[in-house]
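Report on the following structure.
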Amino acid sequence: MARPTFVVNEGLREKVRHLAGLGVPQDDIAKIVGCAPKTLRKRFRVELDRGVAEANAMISGSLFTAAKAGNITAMIFWLKTRAHWRERPPAESPVAKADGSDSEVVLVLPDNNRDPDLTQILRDAQEEYFAGKHRRQQLPTSGS
Numbered sequence: 001m002a003r004p005t006f007v008v009n010e011g012l013r014e015k016v017r018h019l020a021g022l023g024v025p026q027d028d029i030a031k032i033v034g035c036a037p038k039t040l041r042k043r044f045r046v047e048l049d050r051g052v053a054e055a056n057a058m059i060s061g062s063l064f065t066a067a068k069a070g071n072i073t074a075m076i077f078w079l080k081t082r083a084h085w086r087e088r089p090p091a092e093s094p095v096a097k098a099d100g101s102d103s104e105v106v107l108v109l110p111d112n113n114r115d116p117d118l119t120q121i122l123r124d125a126q127e128e129y130f131a132g133k134h135r136r137q138q139l140p141t142s143g144s
């Protein structure tokens, strides 16, 4: 016995368009309107596509309005998705290079003329630190 013919009417077309716009999966829409998923895609292709497009347009409009009204999160989202802005990766650390070697970091201490003895002690400690670090890099590794 053959399956009964699925009858499409304007009420079903509107329902499919609305459900597609809400993001309901096509298999679930097919169950709701009472047809097979393949039949849904064949008979309601325009409504499925239009429902999604209309919903995206409505949400885009709301997002744009929110961004224009000063919603920072909406602005950031819009710029990242629509204007292709990206956050830059952090700048390469001056201490560790990509090849694993360390480069010398110079710490410039302010001379505020409050305690010249303390300033000199800190400068000496910095020089001693980097001198020790330089010596450790020059030592041959054991076991090779």
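Just so we're aligned, residue 1 is where the sequence shown starts under my numbering, counting upward by one.
Cβ atoms here follow ideal geometry from the backbone N, Cα and C, with glycine treated the same way.
Model, not experiment: these values are computed from the prediction.
query                                                                                                                 : result
Kindly indicate the opening and closing residues of the alpha helix (DSSP H) around Pro89.                            : Taken as a continuous stretch (DSSP letters only), Pro89 belongs to no alpha helix (DSSP H), as it is neither H nor E.
Do Phe44 and Val7 come within 8 Å of each other at the CB atom, strictly closer than that value?                      : no
Just the Cα atoms here: how many angstroms apart are Val46 and Pro89?                                                 : 43 Å
Expressed to the nearest angstrom, what Euclidean distance is found between the alpha-carbon atoms of Lys80 and Ala2? : 53 Å
Assuming Ala74 is part of the alpha helix (DSSP H), what are its boundary residues?                                   : Ile72 to Thr81
May I ask you to report which of helix, strand or coil DSSP gives Gly132?                                             : helix
Looking at C-alpha atoms only, which residue of Pro4, Pro25 and Glu128 is the closest neighbour of Gly51?             : Pro25
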